[in-house]
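full-length UniProt numbering puts the sequence shown at residues 1 to 162.
Don't be surprised by glycine CBs; every beta carbon is placed ideally from N, CA and C.
Keep in mind that this is a model prediction, so the values were computed, not measured.
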Amino acid sequence: MVGLNGLYLLIVAFGNITDFGTNQAFVQHVLSMDTTNFGKPEGTDLDPNVMWRAITSPVIQNIAYVVLIAWEVAAAAVLLVAVVFWIRERGRGYRVARRLSSIGLVMLLLLFFGGFVVIGGEWFQMWTSTAWNGEDPAFRNSTLALLTLIVIHLPSKSWADD
1 MVGLNGLYLL IVAFGNITDF GTNQAFVQHV LSMDTTNFGK PEGTDLDPNV MWRAITSPVI
61 QNIAYVVLIA WEVAAAAVLL VAVVFWIRER GRGYRVARRL SSIGLVMLLL LFFGGFVVIG
121 GEWFQMWTST AWNGEDPAFR NSTLALLTLI VIHLPSKSWA DD
């Protein structure tokens with residue numbers, strides 16, 4: 001499960017790098033809050049009580065997107081290195097593998113739950129956009145990461161020495 005989370009993030013980061021514009025548009029629309037109007041035409045019927053939160057600077061939007069990609073690459077690397085330790089430490093305890101897995105999975109949770117659900121979904125009102133709403137996939141990714149985190153911390157004789 002750790003490896004699949006790492007592979008997933010690696011593929012997501014690869015897609016964001018090789019097809020930069022697709023998700024760049026997603027980040028720009030979420031941060032600018034220009035579609036937070038329950039499916040009405042872009043830029044219309046926006047709630048003035050929350051629009052002060054919008055970030056409309058393309059420079060800041062692009063910085064946010066690049067930071068997001070860097071975070072994905074870093075988390076994927078940590079998780080994939082953890083897989084190497086899971087394989088290497090077989091039968092000798094899994095302290096390093098579990099620690100690295102925990103770090104990578106928490107990074108994934110911070111990205112998808114913290115970044116997309118909390119910040120994107122609530123602060124930037126992504127939940128009100130019918131065109132640019134990534135909350136469902138973010139919640140799914142968060143759930144899988146949390147499930148994996150729970151599984152690697154279940155009691156086991158295999159890591160009794162840890």
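Item	Value
Proximal residues to residue 80 (C-beta, below 6 Å), its chain only, five neighbours per side dropped	6
Rounded straight-line distance, which links the Cα of residue 66 to that of residue 57	14 Å
Cβ-Cβ separation, residue 129 to residue 35 (assumed contact under 8 Å), whole Å	4 Å
Inside the segment 2-71 only - alpha helix (DSSP H) runs reaching at least 4 residues	2-18, 20-32
Rounded separation between residue 9 and residue 148 - CA only	14 Å
Touching by the beta-carbon criterion (3+ pairs, under 8 Å), the segment 20-32 and the segment 45-59	yes
Collapsed DSSP secondary structure at residue 154 in the structure displayed	coil
Where residue 124 falls: helix, strand or coil (DSSP)	coil
Exposure label - residue 98; buried when at least 16 CB within 10 Å	buried
For residue 93, the three-state DSSP class (helix, strand or coil)	coil
CB contact flag (residue 72, residue 111, <8 Å)	yes
Outcome for residue 43 when other beta-carbon atoms lying within 10 angstroms are tallied against a minimum of 16	exposed
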